[in-house]
Amino acid sequence: MSLFSLLPGDSAAPETPICSRKGCHGAAQWRLLWNNPKIHTPERRKVWLACGEHREWLEDYLRTRLLWRETLPLQRDRSRRGGDRLMYRFLVSRRWLTYFVLAIIFAIACVLLSRWQMSRLDEAKANIDLVTRNYDATPVPFAQTAGDFASLPAGDEWKQVELHGSYNVADTRVVRNRPNNGQPGYEVVVPFRTDAGQTVIVDRGWLPIGNKEQGRPDAVPNPPAGEATVVVRLRPSEPTLDRGAPEGQLASIDLPTYAQQLGYPILTGAYGMMASENPAPAQTAPAALPKPQPDEGMHLSYALQWLAFAVLMFVGFGYAARQQARNAAIDAAAEAAEAAVEAEAGTAHDDAARLAREDAHRAAREAAERAARFAPRKKRRPTAEEEEDAILDAQGFH
0 MSLFSLLPGD
10 SAAPETPICS
20 RKGCHGAAQW
30 RLLWNNPKIH
40 TPERRKVWLA
50 CGEHREWLED
60 YLRTRLLWRE
70 TLPLQRDRSR
80 RGGDRLMYRF
90 LVSRRWLTYF
100 VLAIIFAIAC
110 VLLSRWQMSR
120 LDEAKANIDL
130 VTRNYDATPV
140 PFAQTAGDFA
150 SLPAGDEWKQ
160 VELHGSYNVA
170 DTRVVRNRPN
180 NGQPGYEVVV
190 PFRTDAGQTV
200 IVDRGWLPIG
210 NKEQGRPDAV
220 PNPPAGEATV
230 VVRLRPSEPT
240 LDRGAPEGQL
250 ASIDLPTYAQ
260 QLGYPILTGA
270 YGMMASENPA
280 PAQTAPAALP
290 KPQPDEGMHL
300 SYALQWLAFA
310 VLMFVGFGYA
320 ARQQARNAAI
330 DAAAEAAEAA
340 VEAEAGTAHD
350 DAARLAREDA
360 HRAAREAAER
370 AARFAPRKKR
380 RPTAEEEEDA
390 ILDAQGFH
């Protein structure tokens with residue numbers, strides 16, 4: 000057992016202050032401040048607690064050893080601790096309440112942004128699951144999925160569909176500004192009339208930009224002539240873009256706009272991205288479009304960052320409040336020290352002046368103690384002076 004565990008303030012000490020007289024469990028009513036001039040600086044004060052019965056005994060114990068300095072009611076110490084709490088009374092001021100409300104608003108905004116990023120993450124995961132489920136599934140006959148080309152359900156995107164019929168090569172279009180693996184180029188779309196008499200649009204693949212004529216591919220390969228079997232993956236119609244395109248080209252795969260250029264109806268809810276066609280075309284087919292890669296993106300990281308910003312806002316608020324209290328405590332300690340010096344320099348020597356000087360010194364000491372609480376604490380071994388203090392304290396403590 001360490002001698003320092005006998006000092007006041009130990010974690011094992013009872014919550015209700017009790018008398019420091021050994022063997023006494025009475026409630027403390029007085030604080031006895033003492034100082035050992037051989038080892039303590041003049042302003043330092045050690046504290047024993049005393050009940051009404053043992054106050055005189057403890058005072059005599061200290062007086063006979065020339066250690067006693069003053070005795071104060073315990074209630075005064077409690078009021079001082081209450082004064083410590085007043086160091087943060089500025090938090091209820093209009094300015095700091097405004098800061099706190101702004102911090103709450105900022106934190107709420109961060110939480111909402113975090114939730115938005117999580118919703119984006121859920122969308123990315125749903126898209127990955129959709130591609131995984133449908134991309135390589137067994138093709139379904141067009142007769143069973145004709146309605147998907149008119150209005151595509153979200154869960155049927157990337158589904159493979161088998162078409163039988165023939166291409167209408169005369170109405171071929173190229174779609175502008177379609178990069179592939181970082182390279183600029185075009186995509187080739189061709190109407191395909193099925194055996195059922197309905198026409199759908201097939202995206203046959205990608206072509207690089209041309210060298211012969213600016214804004215056009217060098218050549219657009221023709222699809223197989225006559226009857227063909229084509230396997231496609233369903234993709235939704237793209238939105239209309241607010242830009243034009245040269246003749247024979249489209250700004251996007253906007254099926255209703257494409258339909259306006261044709262002399263016959265087409266299904267405008269979805270188009271098919273070609274997976275295979277049979278027979279093989281006489282000319283080299285456009286490059287197949289790549290399979291979407293599973294990528295959840297940075298949404299989870301961004302969501303956690305927004306939550307961290309919300310927490311850091313309150314950490315910063317707490318740090319700013321502590322700095323404000325620290326600066327106020329330091330200023331108060333300096334003012335109390337100046338008041339003590341002025342009181343000591345007074346010429347009056349009556350009892351009222353003596354009490355005023357004692358109060359000034361006590362106020363300066365208490366203000367200095369409050370300011371010292373904000374000083375950084377370093378772990379260190381107890382000094383010889385502190386060990387001797389513990390031995391002296393142990394003589395009157397449990």
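Read in order, the letters of the sequence shown correspond to residues 0 to 397 in numbering that gives the first Met the number 0. Just so you know, even glycine gets a beta-carbon here, dropped at the ideal spot from N, CA and C. Predicted model only: the values in this text are computed from it and were never measured.
| request: Would you please state the rounded distance, in angstroms, between the beta carbons of ALA269 and ARG234? I believe it to be under 8 Å. | output: 6 Å
| request: Please list, in chain order, all residues of the same chain as ALA286 whose beta carbon is under 6 Å from its beta carbon, the five residues on each side excluded. | output: Within the same chain, ALA286 has close Cβ partners GLY204, TRP205.
| request: Identify which residue in ALA108, CYS23, SER92 has its Cα closest to the Cα of MET312. | output: ALA108
| field | Completely contained beta strand (DSSP E) runs for the stretch 83-169, where each covers 3 or more residues | value | 159-166
| Which residue's Cα is closest to the Cα of SER251: ALA281, LYS290, GLY184, GLU212? | In terms of CA proximity to SER251, GLY184 leads the group ALA281, LYS290, GLY184, GLU212.
| query | Quick one: what's got a C-beta closer than 7 Å to GLU368's C-beta in the same chain, skipping five residues either side? | reply | none
| field | Close-in-space but distant-in-sequence residues of the same chain around ILE357 (CB under 6 Å, 5 per side omitted) | value | According to the sequence shown, residue 357 is Glu rather than Ile. Taken in chain order, the list of residues that qualify is empty.
| field | Option in ALA371, ALA335, ARG372 with minimal Cα separation from HIS360 | value | ALA335
| Nearest candidate by alpha-carbon position, reference TRP165, set PRO278, GLY214, GLN292 | This sequence places Ser at residue 165; Trp is not what is there. It is PRO278.
| message | For TYR60 and ALA339, what's the separation of their Cα atoms in angstroms? | response | Inter-residue distance for TYR60 and ALA339 is about 29 Å (C-alpha atoms, whole angstroms).
| task | Reducing DSSP to helix, strand and coil, say where GLU58 ends up. | result | It is helical.
| request: In the DSSP assignment, find the beta strand (DSSP E) that holds SER275 and state where it starts and stops. | output: 269-277
| task | Grab me the residues of PRO36's own chain with a C-beta within less than 8 Å of its C-beta, minus the 5 sequence neighbours each way, in chain order. | result | Closer than 8 Å at Cβ, skipping near neighbours: LEU65.
| query | Out of GLY243, PHE191, PRO238, which has the shortest C-alpha to C-alpha gap to GLY214? | reply | GLY243
| What's the gap between the Cα of GLY22 and the Cα of ALA363? | 35 Å
| In the structure shown, what three-state DSSP assignment does PRO330 receive? | It should be noted that the sequence gives Asp, not Pro, for residue 330. Helix, per DSSP.
| query | How many Å lie between ALA302 and GLU295 at the Cα? | reply | 13 Å
| said: What would DSSP say about ASP363, mapped onto helix, strand or coil? | reply: This sequence places Ala at residue 363; Asp is not what is there. DSSP places ALA363 in helix when its eight states are reduced to three.
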